[in-house]
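>
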Amino acid sequence: MGLLRAIITLVISITILNLILRYKESLEKYPILRHFVPLLEEKKCYILIGIMLILMIIW
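At position 52 of the sequence shown the residue is numbered 52 (UniProt numbering), and the sequence of numbers has no breaks.
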């Protein structure tokens with residue numbers, strides 16, 4: 001059950017991440033998101049998603 005939940009969460013988070021990275025320039029116009037967009041580098045995000053996936057499988 002944990003593996004299924006982890007796979008579904010992984011697919012959803014990678015899809016959302018790709019959408020955010022695609023519209024990164026337009027998101028920087030908003031003052032609230034301006035501080036979070038530089039943190040969304042592609043390699044860092046995939047590492048964090050991988051760590052979350054491992055934790056969900058173990059949990």
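For each residue, glycine too, the CB sits at the ideal point set by N, CA and C.
1) Is the stretch 23 to 36 close to the stretch 44 to 53, with three or more CB pairs under 8 Å?
2) I need the DSSP call for Glu28, collapsed to helix, strand or coil.
3) Taking only the alpha-carbon atoms, compute the straight-line gap between Tyr23 and Ile49 and give it to the nearest angstrom.
4) Using the three-state DSSP reduction, which class does Leu40 fall into: helix, strand or coil?
5) On a CA-only basis, which of Leu55, Ile8, Ile51, Asn18 is nearest Val37? Give me that one, please.
This is what the structure holds:
1) Inter-segment contact for the stretch 23 to 36 and the stretch 44 to 53 is absent: fewer than three beta-carbon pairs are separated by less than 8 Å.
2) Walking along the sequence shown from the start, residue 28 turns up at place 28. Three-state DSSP puts Glu28 in coil, outside helix and strand.
3) The count along the sequence shown starts at 1 and reaches residue 23 at position 23. The count along the sequence shown starts at 1 and reaches residue 49 at position 49. Looking at the two C-alpha atoms, the distance is approximately 19 Å.
4) Indexing the sequence shown from 1 puts residue 40 at position 40. Looking at Leu40 - three-state DSSP - the assignment turns out to be coil, as it is neither helix nor strand.
5) Here residue 37 refers to the residue found at position 37 when the sequence shown is read from its first residue. Per the Cα distances, Asn18.
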